[in-house]
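Next up, the structure:
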């Protein structure tokens, strides 16, 4: 049974087949981004001699997070730009051995944590559904998205994390045929900051032609202005006690900069007059620099730049309940705090009033979570779908509404809960919190349908329902009994009423 594969840099050996799928882990796609390569665009990987064993996940990029079941970063880990491939044994899903469509996954994590090695991203189930699946690591935090001042004629590009993703997609184009994949039929997919990365890739000239379809779950927006990226860099440099120069930042260890970044975030949380940054501070993200990323992807997609790419968008109906449950978001318990939140984000009064009308009897905290979730994820994701459809792009929209526990939910339809369903990984111990305990038979049935929708979209561009038109169209709602019918008018989850409330709000790149 085959487990050795040829790549442009040398041969790699993966794990033995598990239920018809071979996993090849930690394949380098670029040189380690440290030493002379630090803060630079990714450099092509040098070839190696002999067969490289790729049976364990590789080091993850610098970060402070420790995620269940996934590797943690250790100071000194440098070979962090790697990817993982799951491919069916010949004959699984393709009786004639024909090449398979490819799905490339970009993880989320506020551009500061996460990796392609998280258990809920295991590609086995999707590979058994007939895909070659790739997950990847890319630079995070200041290493990947922080502003680095120019040093003479040798500038360090912004959006290095996005450039890493492009390098990984280039590796897929050049190598995936050896793993049974079709380089002409690649779908790039992601969730949260990974979904926004997908939207950015759709908007970037450097990614043109590297993928045919895109899946974006819970895209978060908008992008940063160069001025905001520089502002955050200066704060991190001050916290790390190094000059806010390229040389000063390069002299600091990755560990020192991660620690300083965490301190800056905590400082915003503790400061009641820090504006929008006090609510759930995110200090790194894609920068609309006018070169690599010309503008916020919402504006670029509206201009039709990516109209030839099929797009599947999803968001959950209770996104921010997760951030509240894990203590990421500031608590709102009074009307005064809710008013401060609306002021800090420049939300019109009609929005708060409208949500109160849709949520009679709801606590101030729940109104805040509903508003915040739709501001950051639901409405932004929906507008990406709208913009792409109106520009002529084939676009599908869905919402994940599965809950557990009735009125006293132990698992809401919150951020990240849709991912293990789409990947078919409900039995992973690490996802029990997200889904509220062991999966039920109905959960497995929902997961089968979502996995089939992803696979169908990657294979043919058809997830199983009709695309949006220029003036809207059907929206799939994922529940244990899913439907394309709208919620009851006047209910707080009535998506069309919510969309109407947001009509007067505009997104623009964030500034200091």
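Residue numbers (full-length UniProt numbering): 1 to 512.
All C-beta atoms in this analysis are idealised placements derived from N, C-alpha and C, irrespective of residue type, glycine included.
Bear in mind the structure is a predicted one, so any value in this text is a computation, not a measurement.
Using three-state DSSP, classify residue i as helix, strand or coil.
i	result
residue 295	coil
residue 100	strand
residue 185	strand
residue 378	helix
residue 88	strand
residue 23	strand
residue 131	coil
residue 404	strand
residue 322	helix
residue 489	With a pLDDT of only 40 at residue 489, under 50, the local geometry of the prediction cannot be trusted, and the value read off the model is given with reservation. Reduced to three states, the DSSP call for residue 489 is coil.
residue 469	strand
residue 5	strand
residue 18	strand
residue 287	strand
residue 429	helix
residue 235	helix
residue 497	helix
residue 337	helix
residue 519	Here the chain has residues from 1 to 512 only, and residue 519 is not among them.
residue 455	helix
residue 113	coil
residue 147	coil
residue 93	Model confidence at residue 93 stands at a pLDDT of 43, short of 50, so the residue's coordinates are unreliable; what they give is reported in the following sentence. Note: residue 93 maps to coil in three-state DSSP.
residue 200	helix
residue 523	Outside the displayed range of the chain (1 to 512) lies residue 523, so it cannot be described from this structure.
residue 37	helix
residue 73	coil
According to DSSP, residue i sits in a beta bridge with which residue or residues?
i	result
residue 315	399
residue 82	28
residue 190	106, 216
residue 476	398
residue 51	11
residue 310	213
residue 136	83
residue 510	224
residue 411	404
Suppose the cutoff is 7 Å on Cβ atoms and the five residues either side in sequence are ignored; what does the same chain contact list for residue i look like?
i	result
residue 353	none
residue 333	364, 365
residue 225	288, 509, 510, 511
residue 256	240
residue 439	426, 427
residue 433	none
residue 356	367
residue 242	248, 249, 251, 252
Tell me whether the beta-carbon of residue i lies closer than 7 Å to the beta-carbon of residue j.
i	j	result
residue 509	residue 281	no
residue 26	residue 82	yes
residue 393	residue 307	yes
residue 239	residue 260	yes
residue 412	residue 373	no
residue 71	residue 258	no
residue 123	residue 138	no
residue 293	residue 204	yes
residue 185	residue 212	yes
residue 78	residue 145	no
residue 396	residue 467	yes
residue 369	residue 340	no
residue 172	residue 86	no
residue 458	residue 101	yes
residue 149	residue 246	yes
residue 200	residue 39	no
residue 60	residue 115	yes
Please return the same chain residues whose Cβ sits closer than 8 Å to the Cβ of residue i, not counting the five positions on each side in sequence.
i	result
residue 478	314, 398, 399, 400, 401, 402, 418, 421, 446, 449, 450
residue 9	28, 45, 46, 47, 48
residue 410	404, 436, 437
Suppose the cutoff is 6 Å on Cβ atoms and the five residues either side in sequence are ignored; what does the same chain contact list for residue i look like?
i	result
residue 390	470
residue 5	12, 178, 179
residue 485	At residue 485, the pLDDT of 47 sits below 50, so the modelled position is not reliable; the number obtained from the coordinates is stated separately. Contacts found: none.
residue 15	23, 55
residue 93	Reliability fails at residue 93, whose pLDDT of 43 lies under 50, so the model's placement of it is uncertain and the value that follows must be treated cautiously. So the qualifying residues of the chain are 130.
residue 232	283
residue 454	422
residue 147	229, 230, 233
residue 206	166
residue 244	234, 237
residue 64	258, 262
residue 489	Confidence at residue 489 is low in this model, with a pLDDT of 40, below 50, so the placement of that residue should be treated as unreliable; the coordinate-derived value is given next. Here the set comprises nothing.
residue 168	29, 83, 136
* Asked: Is the stretch 312-326 touching the stretch 368-384, taking contact as three or more C-beta pairs under 8 Å?
  -> yes
* To do: Could you say if the stretch 134-149 and the stretch 163-181 meet the contact criterion of at least three C-beta pairs nearer than 8 Å?
  => yes
* How about the stretch 186-194 and the stretch 409-421: do they share at least three Cβ pairs that are nearer than 8 Å? -> yes
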